[in-house]
Amino acid sequence: TYGMAGYDQSIIEKNDVANCIYGISAPGQFITINKNNVIRCTYGITIGYHSHIKGNNVMGCTYGITADEKTGLAASVGGNNIRDCVYGINAGNADLRNTIYGNNLTRCTYGITGGEYIKENKIVKCTYGITIRSNWGTIERNDIGDCEYGITAPKEADELKVIENNLRDCTYGIFGGGIIEENNVMNCNYGITGLIRSAIHRNNVINCTCGIIITGPSNPYLGSLNGNNIIYCHKGILMEEKRGYMIRRNNLVKNDFGIYITAKLNINYTITENSSTISQNNFIMNNVSIFIEDDNLHHVTIYIFNNNFIENGKAYGEPYQCVWSWDLPTGGNYWSDYEGVDEKNGENQDQPGADGIGDKPYLISGKAVDKYPLMEPFGNLPSITIEYTLREWVITLTSNSAISNFKCNLENKVVSFYVQGKSGTKGFVSINIPKSIVSREVEVLFDGKPIPFNKSEIADDININFTYEHTKHYVEIRFGVGGGVPPQLSTQNYIIFVATAAGLLLIALLLALYLRKRRTIPSKAEPLPPPPPPYYIFLPIPFSEISEEEKDSLQAY
Numbered sequence: 366t367y368g369m370a371g372y373d374q375s376i377i378e379k380n381d382v383a384n385c386i387y388g389i390s391a392p393g394q395f396i397t398i399n400k401n402n403v404i405r406c407t408y409g410i411t412i413g414y415h416s417h418i419k420g421n422n423v424m425g426c427t428y429g430i431t432a433d434e435k436t437g438l439a440a441s442v443g444g445n446n447i448r449d450c451v452y453g454i455n456a457g458n459a460d461l462r463n464t465i466y467g468n469n470l471t472r473c474t475y476g477i478t479g480g481e482y483i484k485e486n487k488i489v490k491c492t493y494g495i496t497i498r499s500n501w502g503t504i505e506r507n508d509i510g511d512c513e514y515g516i517t518a519p520k521e522a523d524e525l526k527v528i529e530n531n532l533r534d535c536t537y538g539i540f541g542g543g544i545i546e547e548n549n550v551m552n553c554n555y556g557i558t559g560l561i562r563s564a565i566h567r568n569n570v571i572n573c574t575c576g577i578i579i580t581g582p583s584n585p586y587l588g589s590l591n592g593n594n595i596i597y598c599h600k601g602i603l604m605e606e607k608r609g610y611m612i613r614r615n616n617l618v619k620n621d622f623g624i625y626i627t628a629k630l631n632i633n634y635t636i637t638e639n640s641s642t643i644s645q646n647n648f649i650m651n652n653v654s655i656f657i658e659d660d661n662l663h664h665v666t667i668y669i670f671n672n673n674f675i676e677n678g679k680a681y682g683e684p685y686q687c688v689w690s691w692d693l694p695t696g697g698n699y700w701s702d703y704e705g706v707d708e709k710n711g712e713n714q715d716q717p718g719a720d721g722i723g724d725k726p727y728l729i730s731g732k733a734v735d736k737y738p739l740m741e742p743f744g745n746l747p748s749i750t751i752e753y754t755l756r757e758w759v760i761t762l763t764s765n766s767a768i769s770n771f772k773c774n775l776e777n778k779v780v781s782f783y784v785q786g787k788s789g790t791k792g793f794v795s796i797n798i799p800k801s802i803v804s805r806e807v808e809v810l811f812d813g814k815p816i817p818f819n820k821s822e823i824a825d826d827i828n829i830n831f832t833y834e835h836t837k838h839y840v841e842i843r844f845g846v847g848g849g850v851p852p853q854l855s856t857q858n859y860i861i862f863v864a865t866a867a868g869l870l871l872i873a874l875l876l877a878l879y880l881r882k883r884r885t886i887p888s889k890a891e892p893l894p895p896p897p898p899p900y901y902i903f904l905p906i907p908f909s910e911i912s913e914e915e916k917d918s919l920q921a922y
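Residue 914 in my numbering is what sits at position 549 of the sequence shown, and the numbering runs on without skipping anything.
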């Protein structure tokens, strides 16, 4: 029944315990339990007051390491390896003030339950990664992967801090109330689900079905979403039956829907600067920036202003009739494709003098217009990296400017686009272009004039970067004529072309060498016979042409 038992100030170290109801039971005070192996017990290790549980291996237990509800106070549990348990570490509620740090938990139904301070644990393939029972405590710098629920907290947990955790491949990343800040959440169905008065700030949420969900009953004040980066999600922010939430300074990039609102109550949404707010957000390259869905949308009024809309497919979607107001007289939104001018001011934009607002309204879609479109982006834009795929090549561009009208002409070897930012601020562009389409000649033109730039090689790319003063500029990057892959050839055809040319060249060289050898090397055949000695040919001379003296000499001869 009992494998080992410890009492006050005991040290239990380097033991093997298996198949017991209580593996190591130590409900006393100031006990150290170190480097033991506990296997297939109902209660693996039971901890008491000010105990130190370090470096143990616990496998196949119902309760891996558990705190005694009466005496398990102020214990520290660190550096343990726990696998295949129903409850990995059961530390009780935060009132017990237990610290859980640096443990590895794998394939447990409940990874860590309870505790006041939970930090730097690695939790993999558990149904529930970390579950908090109390309304306060700290969950910090944990690495949680492939769990059904990554971190779960009560909805009223106003004083709970969930900060700097990494969560990936979970069904629910973070679920509950409290202060949720600076977490990285990737590849989850539901990234962060905020309840009641959640403060959700400066998180990175990437490639989730729903990035951040705001849900629960309506309240006069519910909480805030501020400074989050939400990228590559189906629904960036999903709002359900909400009022009083402040959504500001978020970056929503390359989502199917930037903000998706379901209004199931007959209420008015007021989206303004100083009340319930959706403003100062950056919507960049989303298919639809803002979408509202419900069968009672004719009761919904929405005010939207001081946001930046850059290269989105649609600004909004409305399956039913509703009332939209995209502006205020003090300024509406920035639209990267707005082509108006700013020569007048006033509520009707009919008074002389520029005011930073376009003189003509911006047509959004259908009957929706922004009467006061901004001529420049509102506030400072984040540094965003965008990939452009051209045939089999990828061009990567990073900038803190609004990038619009990007084009690449491979035949002429020119990349062009517009950059724009708030006047008086600095902008930069860093662009990677594959080496295979770049020659040695590179030139950067700003509004038609050359500017200095830096050029370097990074792996298979050429990096070109430069800085500038923000207004609106037209940029051309010319990367030479000749060199690189001919633009009309694919990589496969190019390889075939090069191989064929090399083969023909080799044949020509071999033929030339063969002919040269025939001219310069003597033949190994039998030598020719020597030429015959010289011989003379005597032609007959008529007798009548011989003189008398010659006749006498011939007769004498």
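Positions of the beta carbon are idealized from the N, C-alpha and C atoms, including for glycine.
None of the values given here were measured: they were computed from a predicted structure.
Buried or exposed (CB count within 10 angstroms, at least 16 for buried), residue i
i, result
"Gly789", "exposed"
"Val850", "Residue placement at Val850 is flagged as unreliable, the pLDDT there being 43, under the threshold of 50; the coordinate-derived value follows with that caveat. Result: buried."
"Asp373", "exposed"
"Ile366", "The sequence shown places Thr at residue 366, not Ile. Counting Cβ neighbours within 10 Å, Thr366 comes out exposed, since fewer than 16 surround it."
"Phe395", "exposed"
"Glu481", "buried"
"Gly556", "buried"
"Ser748", "exposed"
"Val846", "Residue placement at Val846 is flagged as unreliable, the pLDDT there being 48, under the threshold of 50; the coordinate-derived value follows with that caveat. When all chains shown are included, Val846 counts as exposed."
"Ala824", "exposed"
"Tyr864", "The residue asked about is misnamed: residue 864 is Ala in this sequence, not Tyr. Classification of Ala864: exposed, given that the 10 Å Cβ count is below 16."
"Glu741", "buried"
"Tyr900", "Because the pLDDT of Tyr900 is 44, which lies under 50, any placement of that residue in the model is unreliable, and the number read from its coordinates should be weighed accordingly. Answer is exposed; the Cβ neighbour count stays below 16."
"Gly826", "With the sequence shown as reference, residue 826 is identified as Asp, and Gly is not the correct amino acid for it. The residue is buried, with at least 16 neighbouring Cβ atoms inside 10 Å."
"Asp433", "buried"
"Pro585", "At Pro585, the pLDDT of 46 sits below 50, so the modelled position is not reliable; the number obtained from the coordinates is stated separately. By the neighbour-count rule (16 or more Cβ atoms within 10 Å), Pro585 is not buried but exposed."
"Lys520", "buried"
"Gly371", "buried"
"Asn445", "buried"
"Ile768", "buried"
Residue from the options whose Cα sits closest to the Cα of residue i
i, options, result
"Asn422", "Met369, Val382 and Val653", "Val382"
"Thr761", "Ser795, Ile729, Tyr783 and Phe743", "Ser795"
"Ser701", "Pro717, Lys679 and Phe674", "Phe674"
"Ile657", "Leu603, Trp691, Asn828 and Leu617", "Leu603"
"Tyr703", "Pro694, Gln716, Gly723 and Asn713", "Gly723"
"Gly792", "Ile655, Leu525 and Val840", "Val840"
"Ser766", "Gly696, Tyr783, Arg756 and Lys778", "Tyr783"
"Ile842", "Ser821, Gly453 and Cys773", "Cys773"
"Arg562", "Ile578, Val570, Pro817 and Ile571", "Ile578"
"Asp735", "Phe831, Ile418 and Asn698", "Asn698"
"Asn572", "Asn770, Pro799, Leu617 and Glu806", "Leu617"
"His681", "Val653, Leu693 and Lys787", "Here the sequence assigns Tyr to residue 681, which means His is not the residue at that position. Checking every option, the nearest Cα to that of Tyr681 belongs to Val653."
"Cys385", "Thr407, Thr471 and Lys778", "Thr407"
"Gly592", "Met611, Ser375, Tyr537 and Pro726", "Met611"
"Gln714", "Trp501, Lys820, Leu739 and Ser730", "Leu739"
"Asn463", "Ile418, Val807, Leu532 and Asn399", "Ile418"
"Tyr414", "Asn380, Thr471, Thr431 and Ala439", "Ala439"
Bridge-paired residues (DSSP) for residue i
i, result
"Lys814", "Phe811"
"Ile842", "Val780 and Val809"
"Leu762", "Ile751 and Ile796"
"Met650", "For Met650, which the question treats as bridged, DSSP gives no partner whatsoever."
"Val403", "Val382 and Val423"
"Trp691", "DSSP output for Trp691 lists no bridge partner at all."
"Ala370", "Ser390"
"Ser563", "Partner(s): none; Ser563 has no beta bridge."
"Gln785", "Ala767 and Lys837"
"Cys575", "Tyr555 and Lys600"
"Ile465", "Val442 and Ile483"
"Leu870", "BP columns for Leu870 are empty, so no partner."
"Leu470", "Ile447 and Ile488"
"Tyr958", "With the chain running from 366 to 922 in the structure shown, residue 958 is simply not present."
"Thr790", "DSSP output for Thr790 lists no bridge partner at all."
"Asn594", "Asn569 and Asn616"
"Pro717", "Lys709"
"Met611", "Ser589 and Thr642"
Inter-residue CB distance, residue i and residue j (contact presumed, cutoff 8 Å)
i, j, result
"Gly494", "Gly515", "5 Å"
"Asn651", "Asn620", "5 Å"
"Asn402", "Ile377", "The pair is not a contact, with the Cβ atoms about 12 Å apart (cut-off 8 Å)."
"Ala924", "Ile539", "Outside the modelled stretch of the chain, which goes from 366 to 922, sits residue 924, for which no answer is possible."
"Asp511", "Lys526", "Contact doesn't hold; Cβ gap of about 24 Å is too wide."
"Ile404", "Ala391", "That pair is no contact at about 18 Å."
"Asn507", "Glu485", "7 Å"
Report yes or no: do the stretch 697-709 and the stretch 751-766 share at least 3 C-beta pairs separated by less than 8 Å? Between the stretch 697-709 and the stretch 751-766 there are fewer than three C-beta pairs closer than 8 Å, too few to call the two in contact.
Are the stretch 539-553 and the stretch 508-523 in contact at 8 Å, needing three or more beta carbon pairs? The answer is yes - the stretch 508-523 touches the stretch 539-553, with three or more Cβ pairs under 8 Å.
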